[in-house]
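By my numbering, the letter at position 119 of the sequence shown is numbered 121, and the numbering carries on one by one without gaps.
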Amino acid sequence: MALREILVVPDPVLKQVSQPVDKVDDELRALMDDMLETMYDAPGIGLAAIQVGVAKRVIVMDLAGPDEDKAPRYFVNPEILWASEETQPYEEGCLSVPDIFDEVERPTQVKLKYLNYRGEEVIEDAEGLFAVCIQHEMDHLEGVLFIDYLSRLKRDRAVAKVKKQARAA
Ligand code: NI
């Protein structure tokens, strides 16, 4: 496993639409292993492949609390089959927009279909933090960031702040 560099705004790669994966093979699993290690190192709770510069429809996630055992999850070619009409705001952050947090309103529950680490098809209901996180990560596959839901002013400010931090680093 190896750490990968996490791209941050305004890197144009983050705006790319990711392509479906043909096959869950050892090469893809190696990418997922690297992504998970990179996410834990950051640290974060979710990461899409495009955030490490790979335009494939792959997401890793771990929603375990700090005192819980690790619970890595892998989503290949995820699709939302159903989303609740009910929505709920949640204060989101993103490893590609470091140190910026703001509320985004999303459906409270979704039903998902995806391939897991072994390439098996899974259909699963998500709610709570899981629902927030999978919708946030799936937006990355379309080149959408959570700051894209904010006002133009807030978005511009967020990008300017990240740029300034990058210069200072
Ligand atoms: Ni993100």
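We put the beta carbon where it would ideally sit given N, CA and C, even for glycine. The model shown is predicted, which means the values in this text are computed figures rather than measured ones.
Comparing C-alpha positions only, which one of S20, M34, V106 sits nearest to V26? The residue given as residue 26 occupies position 24 in the sequence shown. Nearest C-alpha to V26: M34.
Have a look at the DSSP bridge pairing and note the partners of L49. Taking the first residue of the sequence shown as position 1, residue 49 is located at position 47. Paired residues: V62.
Helix or strand or just coil, what does DSSP make of I102? As a working note, residue 102 is residue 100 in the sequence shown. Here I102 sits in coil by DSSP.
Determine the burial state of S153: buried for a count of at least 16 other Cβ atoms within 10 Å of its Cβ, exposed for fewer. To locate residue 153, count along the sequence shown from 1; it is residue 151. S153 should be labelled exposed.
Would the beta-carbon of G55 be found less than 8 Å away from any heavy atom of the ligand NI? Counted from its first residue, the sequence shown places residue 55 at position 53. No, the beta carbon of G55 sits no closer than 8 Å to any heavy atom of the ligand NI.
Nonlocal neighbours in the same chain, by C-beta distance under 6 Å from L83, ignoring five residues either side: Working through the sequence shown from its first residue, we reach residue 83 at position 81. Only K113, K115 meet the Cβ criterion.
With DSSP run on the structure shown, which of helix, strand or coil describes K72? On the sequence shown, residue 72 is found 70 positions in, with the first residue counted as 1. Coil at K72, not helix or strand.
Does the ligand NI have even one heavy atom less than 8 Å from the beta-carbon of L97? By one-based count along the sequence shown, residue 97 stands at place 95. L97 Cβ: within cutoff of the ligand NI.
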